[in-house]
Amino acid sequence: MDANGKLETDFAWRVLEEIDYGLILVSPAGTLQHANHLARHELARNRFLGVEAGSIVGQTPLQTEELLRGVRSASLGRRQMLTLRNGPQALPVACVPLSHPQAGESASVLLMLARQSGTQNLAITFFARTHGLSPAEQSVLRLLCDGMDVQEIAQAHRVSENTVRTQVRSLRDKTGINSMRLLVQRVAALPPVVPMSLAPAAPPTMQTEVSPPEAVAC
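Per full-length UniProt numbering: the sequence shown = residues 1 to 218.
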């Protein structure tokens, strides 16, 4: 690979690292080619996906079969949406082809992992900072975006419902958005960007190692 090709590859890896979703590149046979840091964290936790002998696997042989079938279909140009399960938890996964449908089999398939409920939504942090929200208001906004109502937020924060309603009014005043539904939609539409403090210092190599959960920044 020449210098220009290496530079383009490094930029491509950097783009994957800057997106606040788990992203995994695999071959049509399911061989792991690359994973951004959020995906490496998910693989290391081994809740829905894992790596065995260099290949992506599910929690059960049936899930592995379903996953590889989706990857194979995507490599032939057909997008797939899967739902991997581990007890009551679920992880939607999109299998996306990386070549034109008429260009033949793709050399790589992109697995896009849904953001898990309860994980840090970094876009909310940026949004809160921009609008001068207090930590309590930011926490209320985060729970609203998770689908909780005033009563549930009050119980989670161990405060009165009146306190939460006051914080909601402050959210409307500071953001200039009178409808909480529109406010949640506005946050959901924000770019999923990872702060530089969480992004790796250098582009990773093609052969991605999956570290133990405690060794992975998230």
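For glycine and all other residues, C-beta sits at the position ideal for the given N, C-alpha and C.
1) Taking the C-alpha atoms as reference points, what is the distance between residue 83 and residue 92?
2) Check for me: the alpha helix (DSSP H) holding residue 222 runs from which residue to which?
3) Buried or exposed: where does residue 51 fall if 16 or more other Cβ atoms within 10 Å of its Cβ makes it buried?
4) Just to confirm my understanding: we take residue 161, look at its own chain, exclude 5 residues before and 5 after, and list those with CB closer than 8 angstroms. What are they?
5) Looking only at its chain, what residues have a beta carbon closer than 7 angstroms to the beta carbon of residue 75, apart from the 5 residues adjacent to it on each side?
6) If we ignore side chains and look at the alpha-carbon of each, how far apart do residue 90 and residue 114 end up?
7) Tell me whether the beta-carbon of residue 112 lies closer than 9 angstroms to the beta-carbon of residue 94.
8) Report the three-state DSSP secondary structure of residue 223 (helix, strand or coil).
9) For the pair the region 58-67 and the region 137-148, tell me if three or more CB-CB distances fall below 8 angstroms.
10) Going by DSSP, name the residue or residues bridged to residue 50.
11) Considering only C-alpha positions, which residue in the set 178, 130, 174, 21 is nearest to residue 37?
Answer, in terms of the structure:
1) A direct Cα-Cα distance of roughly 4 angstroms separates residue 83 from residue 92.
2) The chain is shown only over 1 to 218; residue 222 falls outside these bounds and no answer can be derived.
3) buried
4) 150, 151, 154
5) 28, 97, 105, 106, 109
6) 10 angstroms
7) yes
8) The requested residue 223 is not part of the displayed model; the chain covers only 1 to 218.
9) Taking a cut-off of 8 angstroms for Cβ pairs, the region 58-67 and the region 137-148 do not touch, as fewer than three such pairs fall below it.
10) 57
11) 21
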